[in-house]
């Protein structure tokens with residue numbers, strides 16, 4: 001109870017603080033992990049003994065740097081709060097070691113087999129756990145990761161070089177409890193800007209190598225009507241809409257009670273600002289949500305002659321039970337008055 | 001001409017606390033007893049008798065003086081004749097005494113008084129008259145000082161001019177019989193004129209009151225509390241009724257004044273937590289008239305739940321308390337309510353920006369009196385206008401409390417008190433969006449608590465010496481706390497609490513107190529939320545509720561905690577008093593017994609100096625969440641503590657009392673949460689140690705009165721915990737090394753009252769967050785705590801000011817007050833706020849300047 005009261009107090013007190021919200025991407029961030037179960041398309045939660053692939057969506061302000069990572073897949077200890085703790089390590093785990101990826105632009109991906117039902121039951125586990133670190137421009141700090149996983153709090157840094165950006169990441173992967181009605185990943189059906197389809201050229205994502213400045217050159221080739229859909233710095237907020245299929249809000253049963261999933265939407269952008277960092281889609285009859293995004297001000301542009309500012313958007317949806325989907329979009333924020 | 005003569009013959013002091021006792025050889029045998037002192041003598045009428053009037057007649061009376069100083073019984077010990085006996089007894093019943101005291105506590109006592117009737121010789125014939133009197137200020141009956149008085153005859157000729165003394169008294173002699181005009185030149189209070197008729201050989205006594213249209217009759221409350229509080233503790237601190245509502249920074253709230261006492265730590269944000277000598281808030285307990293209450297403040301510290309104007313006093317036992325109290329290892333705060341007024345109807349009504357209340361009290365018959373109070377907050381009129389639009393207010397914060405008390409004196413031996421009091425707090429917010437940092441905090445936030453105590457207290461004198469007191473309380477309680485879908489606590493209880501206590505003197509030197517008390521509570525409670533962590537030492541607790549495993553428990557049980565206790569108060573010699581006590585408790589929720597022996601020795605080294613030593617064991621059951629079968633461990637043991645204390649008290653001068661106390665406490669079998677909440681969730685492996693010293697000074701006018709009062713206290717202490725074998729010692733969550741508090745209130749002329757309270761306190765420890773882990777399933781960051789309580793907030797300091805102006809009218813008074821908390825708007829740090837991924841931090845600041853303006857009427 002005390003924790004809740006303190007949370008309320010802290011939350012209330014924090015209202016007036018000027019921290020950047022989670023929706024503002026200003027440094028290296030892991031923002032989602034997605035599980036793919038071999039031979040079971042769409043499944044979010046594996047069964048025991050399934051082969052699974054886990055990948056992480058990692059973003060940064062502007063261009064994403066080269067990444068290296070190290071993970072441990074394990075059966076978790078039966079803890080109830082704090083950082084999860086590994087009980088039994090799962091081996092082998094492809095991609096878990098700190099070997100630099102062959103493709104320097106690769107995103108973190110690992111593969112391993114879920115333990116047997118008997119092993120999970122013996123450990124009182126209803127999930128498997130992946131813990132580790134993701135680092136930019138260098139290897140992770142294996143010794144400090146080891147200390148972190150063992151629950152020590154002294155001298156921990158995710159990366160071998162403390163000057164490199166890095167993140168400790170923990171991912172709980174629930175084991176499917178109802179194989180006849182398994183949990184499936186939600187999907188993002190559509191993302192719209194001002195009620196219309198997202199304008200090109202970033203309507204299917206943004207090239208990882210695309211520079212943050214100079215995007216005006218890319219949109220100059222578009223029809224004028226499409227160019228004008230890219231916002232001007234300091235202009236009025238734009239409305240962004242996101243919808244999921246009705247089926248993404250799956251019914252499920254907990255302790256004999258019928259529930260329907262609620263889709264949590266995380267809004268992320270490396271420029272401008274959202275009204276809120278999180279939204280929720282709760283009604284299967286209206287499976288969409290709107291939010292407002294304010295373009296960055298004029299002084300946020302690199303220089304007047306840099307040719308606009310490319311803002312990367314990432315939208316992540318979660319069903320709260322392990323299912324996840326994400327998409328990336330981009331907008332070129334133009335200087336005012338055609339500068 | 002008759003005149004009277006009297007002589008007080010203190011033959012013996014016979015009684016101790018509330019017990020009339022038989023005479024002994026003399027007062028020298030009982031140096032701890034201060035005999036009653038006659039403060040108001042009433043002259044008896046010389047009776048009409050047949051025959052020759054004797055020149056001197058003596059009547060010896062045995063007078064029983066109550067703890068309130070009033071005469072409760074008069075018996076003739078040696079007769080002077082029926083007529084003289086009756087006249088003397090009638091006069092003696094109107095005497096008023098300063099009550100006898102036993103170790104500073106007022107006690108009932110019996111005194112032998114020799115009343116002498118003398119037939120004085122007739123005086124020589126006198127041809128002139130006298131005019132004497134006092135000039136007072138009408139608003140508060142204080143002396144007007146050295147005002148000029150002009151006395152003129154019927155022709156208007158000034159015959160005498162004189163100046164009153166500093167105490168307002170004057171005396172004009174040798175005035176011819178006749179009519180006079182008296183003019184008092186009162187300066188800013190205006191002039192006063194009166195006609196007086198003087199007679200030869202007589203003195204005319206007058207009282208003039210400046211500054212009022214009529215004589216001021218307002219005297220304040222006349223009720224008197226009759227409550228036993230045996231002085232069995234090494235340290236007991238008491239705040240008297242006169243001071244309860246006048247301390248700056250408390251907004252006239254008596255319970256807030258407790259924070260000024262030595263040994264009491266400052267709770268963050270002014271939350272109503274009682275942190276006593278390094279003990280966790282849940283280790284201390286609140287009582288109202290001997291019955292435990294679940295909460296004492298509305299909304300965590302805003303206002304206390306019992307109206308301060310209906311209180312008699314507050315007793316605070318910071319440690320080594322009597323076996324009368326149990327189930328706690330920290331301190332005890334006992335609130336004693338005031339008996340309703342028996343002289344006439346009184347009342348108070350107040351309105352401020354926070355709340356409004358009214359109290360009324362008065363006699364129904366000569367044996368029955370009644371009082372009541374009702375308060376309601378006004379926040380619901382303000383808050384919806386200042387909250388952001390995306391926070392929908394379904395139920396603005398509202399609190400209500402009520403008090404109803406009936407006093408009944410069916411016989412001379414019995415006193416029955418029936419009272420009902422309760423409190424209800426309610427708040428509901430609807431957060432339309434998740435907060436920017438935490439997706440879990442959204443939806444409906446609800447906070448609702450209530451309790452309704454119904455209490456019967458029957459006190460009866462058994463024979464001449466023994467006494468019994470029976471108290472029974474039944475009180476439904478309710479709590480509902482919710483935070484979106486992530487947390488919900490809903491509980492219904494019916495607290496029944498009963499106590500029977502018998503106080504029996506055994507000979508002259510021993511008094512026994514035997515008692516039993518039973519706490520029983522049927523509980524129907526459901527909890528859904530994250531696994532509760534330890535009540536103390538749980539680290540930063542900054543993580544999001546999202547991602548924390550939800551646990552659930554549904555409790556439908558009855559907790560029964562019976563206890564018996566026995567205490568003996570032995571007077572070994574004329575300076576040494578030894579108090580031995582034994583208490584045995586049973587806690588049904590963990591099926592465990594506890595036996596607690598306690599001992600206290602009081603050495604009255606000199607009449608103005610006492611030394612006290614105490615040692616004792618104290619036991620406490622685990623908290624609900626710690627012993628619950630689903631989220632806790634029902635196999636826990638009671639928490640144990642040993643208290644060792646030593647105190648020295650010195651009444652250096654009549655206006656000041658000094659005290660020094662040292663204390664040491666060791667705790668063991670503390671329930672501590674297992675790492676990361678692994679089963680069995682709690683184990684009794686925690687220990688603790690607390691040690692320190694307290695210095696205190698209390699100042700008041702040497703001759704009593706209300707002109708000023710002040711407190712100065714300093715506490716130096718250290719409170720540490722160890723959460724398991726091999727774990728390092730760490731600081732307690734609210735360890736405050738230095739606590740310095742100074743409070744002073746002065747009542748100026750014309751009823752201006754100004755006071756201030758200043759505190760300097762070490763900052764509370766805090767636990768830094770050194771890193772975080774991204775939880776990809778829930779899209780939140782889990783903080784990684786550094787060493788628990790390894791940092792400390794900066795020094796806290798704050799000044800509170802209170803200004804009050806009171807106007808006293810004929811039968812009522814009006815007060816306008818301004819209470820300013822944090823007068824110079826110091827930005828004290830209470831903690832640290834982190835951003836969503838704990839990579840940035842900023843100080844969490846405490847409450848800013850808070851002025852509260854109010855007006856109060858008193859009948």
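Residue numbers (this note's numbering), protein chains in the order written: chain A, 1 to 339; chain B, 1 to 859.
Cβ coordinates follow ideal geometry from the N, Cα and C atoms, glycine included.
The structure presented is a predicted model; accordingly, all values stated were derived computationally and were not measured.
Handout entry: Reference residue 329 of chain B; option with closest CA among B:320, B:350, B:299, B:672
Key = When only C-alpha atoms are compared, the closest one is B:320.
Problem - Through-space distance from residue 262 of chain B to residue 228 of chain B, alpha-carbon basis - result: Its pLDDT being 32, under 50, residue 228 of chain B is placed unreliably by the model, and the measurement read from it follows with that caveat. One C-alpha to the other measures close to 23 Å.
Practice task
Please classify residue 849 of chain B: is it buried, with 16 or more other beta-carbons within 10 angstroms of its beta-carbon, or exposed?
Solution key: Burial check for residue 849 of chain B: the Cβ neighbour count within 10 Å stays below 16, so the residue is exposed.
Handout entry: Candidates B:821, B:678, B:746, of which the one nearest residue 707 of chain B by Cα
Key = The option with the nearest alpha carbon to residue 707 of chain B is B:746.
Handout entry: Contact set for residue 156 of chain A: own chain, Cβ-Cβ below 6 Å, skip 5 residues either direction
Key = Excluding residues within five positions, the ones whose Cβ falls inside 6 Å are 144, 147, 148.
Handout entry: Length of the line joining the Cα atoms of residue 99 of chain B and residue 109 of chain B
Key = 8 Å
Exercise for the section: Tell me where the beta strand (DSSP E) around residue 317 of chain B begins and ends. Expected result: 311-317
Practice task
Let me know if residue 730 of chain B comes out buried or exposed under the rule of 16 or more other beta-carbons within 10 Å of its beta-carbon.
Solution key: buried
Problem - For residue 530 of chain B, the three-state DSSP class (helix, strand or coil) - result: strand
Problem - Burial state of residue 333 of chain B, where buried means 16 or more other Cβ atoms lie within 10 Å - result: buried
Exercise for the section: Evaluate residue 463 of chain B with the Cβ neighbour count: other Cβ atoms within 10 Å of its Cβ, from every protein chain shown; 16 or more gives buried, anything less gives exposed. Expected result: exposed
Practice task
Determine whether the Cβ of residue 8 of chain A lies closer than 9 Å to any Cβ atom of chain B.
Solution key: Bear in mind that a pLDDT of 48 at residue 8 of chain A, under 50, signals an unreliable position, so the number given afterwards is only what the model happens to contain. At a cut-off of 9 Å, the C-beta of residue 8 of chain A has a neighbouring C-beta in chain B.
Practice task
Would you mind stating whether residue 311 of chain A and residue 270 of chain A have Cβ atoms separated by less than 9 Å?
Solution key: yes
Handout entry: Neighbour list for residue 397 of chain B in chain A, Cβ cutoff strictly below 7 Å
Key = Here the premise fails: no neighbours, minimum Cβ distance about 13 Å.
Exercise for the section: Could you tell me whether the Cβ of residue 322 of chain A comes closer than 9 Å to any Cβ of chain B? Expected result: yes
Handout entry: is_contact[residue 857 of chain B, chain A] using C-beta, thresh 9 Å
Key = no
Practice task
Return the first residue and the last residue of the alpha helix (DSSP H) that residue 225 of chain A is part of.
Solution key: Its alpha helix (DSSP H) spans residues 224-227.
Exercise for the section: Going by CA-CA distance only, name the one from B:605, B:630, B:592 that's closest to residue 530 of chain B. Expected result: Nearest of B:605, B:630, B:592 to residue 530 of chain B, Cα basis: B:630.
Practice task
At 9 Å on the CB atoms, spell out the chain A contacts of residue 549 of chain B, in chain order.
Solution key: Per Cβ cutoff of 9 Å: 79, 80, 81.
Exercise for the section: Measure the CB-CB distance between residue 248 of chain A and residue 261 of chain A and report whether it falls below 9 Å. Expected result: yes
Exercise for the section: Measure from the alpha carbon of residue 738 of chain B to the alpha carbon of each residue in B:713, B:724, B:727, then state which is nearest. Expected result: B:713
Handout entry: Other residues of its chain near residue 57 of chain B: CB distance less than 7 Å, five sequence neighbours each side excluded
Key = So the list reads 80, 81, 84, 117, once near-sequence residues are dropped.
Practice task
Give every residue of the same chain whose Cβ lies closer than 6 Å to the Cβ of residue 321 of chain A, excluding the five residues on either side of it in the sequence, and list them in chain order.
Solution key: 183
Practice task
For the beta strand (DSSP E) holding residue 478 of chain B, just list the boundary residues, first then last.
Solution key: 466-483
Problem - Start-to-end residues for the alpha helix (DSSP H) that takes in residue 624 of chain B - result: 624-627
Exercise for the section: Quick one: which residues of the region 251-282 of chain B get their C-beta closer than 8 Å to a C-beta of chain A? List them in chain order. Expected result: 269
Handout entry: Contact set for residue 486 of chain B: own chain, Cβ-Cβ below 6 Å, skip 5 residues either direction
Key = 440, 545.
Problem - Close beta carbons around residue 62 of chain B, own chain, < 7 Å, minus the five adjacent residues each side - result: 75, 77, 110, 112
Problem - residue 843 of chain B to residue 38 of chain A span [Cα, whole Å] - result: Residue 843 of chain B and residue 38 of chain A: Cα-Cα distance of roughly 49 Å.
Problem - Local conformation of residue 322 of chain B per DSSP, three classes - result: coil
Practice task
Return the chain-ordered list of same chain residues with a C-beta closer than 8 Å to the C-beta of residue 129 of chain A, the five sequence neighbours on each side being excluded.
Solution key: Excluding sequence neighbours, residue 129 of chain A sits near 73, 74, 75, 76, 84, 86, 170, 171, 172, 173.
Exercise for the section: Consider the Cβ of residue 171 of chain A: report whether some Cβ of chain B lies at a distance smaller than 9 Å. Expected result: yes
Exercise for the section: Under the assumption that residue 194 of chain A contacts residue 239 of chain A (Cβ atoms under 8 Å), give the Cβ distance between them as a whole number of angstroms. Expected result: 6 Å
Exercise for the section: Look up residue 563 of chain B in the DSSP assignment and say whether it is helix, strand or coil. Expected result: strand
Exercise for the section: Determine the chain B residues that contact residue 156 of chain A at a beta-carbon separation under 9 Å, and present them in chain order. Expected result: 770, 771, 784
Practice task
For residue 1 of chain A, decide whether its Cβ has a neighbour in chain B, counting only Cβ atoms nearer than 9 Å.
Solution key: Its pLDDT being 44, under 50, residue 1 of chain A is placed unreliably by the model, and the measurement read from it follows with that caveat. With 9 Å as the cut-off, residue 1 of chain A counts as an interface residue toward chain B.
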